[in-house]
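Undergrad:
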Amino acid sequence: MSEFDPVTPPPPAVPMHAIAAEERQWGMFAHLASLTGLFTGGVGNIVGPLVIWLVRKDTPGFAAEQAKEALNFNITLALIAVALFAVTFMTFGIGILLTAPLGLLLALLWLVLTIVAGVKANDGVAYRYPMTLRLVK
Numbered sequence: 795m796s797e798f799d800p801v802t803p804p805p806p807a808v809p810m811h812a813i814a815a816e817e818r819q820w821g822m823f824a825h826l827a828s829l830t831g832l833f834t835g836g837v838g839n840i841v842g843p844l845v846i847w848l849v850r851k852d853t854p855g856f857a858a859e860q861a862k863e864a865l866n867f868n869i870t871l872a873l874i875a876v877a878l879f880a881v882t883f884m885t886f887g888i889g890i891l892l893t894a895p896l897g898l899l900l901a902l903l904w905l906v907l908t909i910v911a912g913v914k915a916n917d918g919v920a921y922r923y924p925m926t927l928r929l930v931k
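In this note's numbering, the protein residues as written are 795 to 931.
1. Going straight from the alpha carbon of G855 to that of F833, what length do you get?
2. Considering I790, what are the terminal residues of the alpha helix (DSSP H) in which it resides?
3. From the beta carbon of K931, is the nearest beta carbon of chain D less than 7 Å away?
4. Note down the Cα distance separating A911 from R922, rounded to an integer number of angstroms.
5. Could you check if R850 is buried or exposed, using at least 16 other CB atoms within 10 Å of its CB as the buried criterion?
6. Tell me whether M925 sits in a helix, a strand or coil according to DSSP, three-state version.
7. If you reduce the DSSP assignment to three classes, tell me which class G889 lands in.
8. With contact counted as at least three CB pairs below 8 Å, one residue from each stretch, are the stretch 814-834 and the stretch 857-876 in contact?
9. Going by Cα to Cα distance, which pick from P895, N868, D852, G821 is closest to V841?
10. Quick check on the burial criterion: 16 or more other C-beta atoms within 10 angstroms. Buried or exposed for A894?
11. To which residues of the same chain is L892 closer than 8 Å at the C-beta, ignoring the five residues directly before and after it?
12. How far does the alpha helix (DSSP H) with L848 in it reach, from first residue to last?
13. Roughly how many angstroms separate the alpha carbons of F883 and G889, rounded to a whole number?
Given below as structure tokens:
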């Protein structure tokens with residue numbers, strides 16, 4: 795044998811950041827749990843991700859982070875909805891000409907971003923919602 799024999803490369807290593815299937819599923823459920831708000835008058839938007847975050851927050855990892863992200867996003871949207879309602883109320887209803895289209899756009903944006911986040915989380919990609927207040931640390 796000579797010193798210059800070809801060396802076979804080692805098999806590719808499993809990425810250290812590989813996320814377990816259970817963690818990915820919990821992350822997906824954290825985002826999609828806010829869809830329960832469609833059937834609960836908006837309460838489920840916050841309660842769904844909150845319950846998952848409370849269950850998973852003691853196990854650091856992907857699911858807890860995604861639940862916190864979903865919770866922060868839904869709290870931010872709830873605050874915006876309250877602000878839109880306040881503008882409508884303070885203008886004696888005239889502001890609804892502005893707030894109604896904004897509210898519908900906000901609802902559509904919420905639905906699309908929630909579904910995208912759920913799909914990304916199921917793929918193991920940490921999703922961060924744009925322009926979200928990070929109130930829950």
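C-beta: ideal position from N, C-alpha, C; glycine also. Quick caveat: nothing in here was measured; it's all calculated off a predicted structure.
TA: Inspection of the coordinates gives the following:
1. Approximately 30 Å, taken between the alpha carbons.
2. For residue 790 there is no data in the structure shown, the boundaries of the chain being 795 and 931.
3. The chain inventory of the structure shown lacks chain D, comprising one protein chain alone.
4. Pairing A911 with R922, the inter-Cα distance amounts to about 8 Å.
5. By the neighbour-count rule (16 or more Cβ atoms within 10 Å), R850 is buried.
6. Here M925 carries a coil assignment [DSSP, helix/strand/coil].
7. Correct three-state label for G889: coil.
8. The stretch 814-834 and the stretch 857-876 touch, with no fewer than 3 CB-CB distances between them shorter than 8 Å.
9. With distances taken between Cα atoms, V841 lies closest to N868.
10. A894 is exposed by the Cβ-count criterion.
11. For L892, where only same-chain residues beyond five positions count, the Cβ hits under 8 Å are V881.
12. From DSSP, the alpha helix (DSSP H) with L848 extends over 838-850.
13. F883 and G889: Cα-Cα distance of roughly 8 Å.
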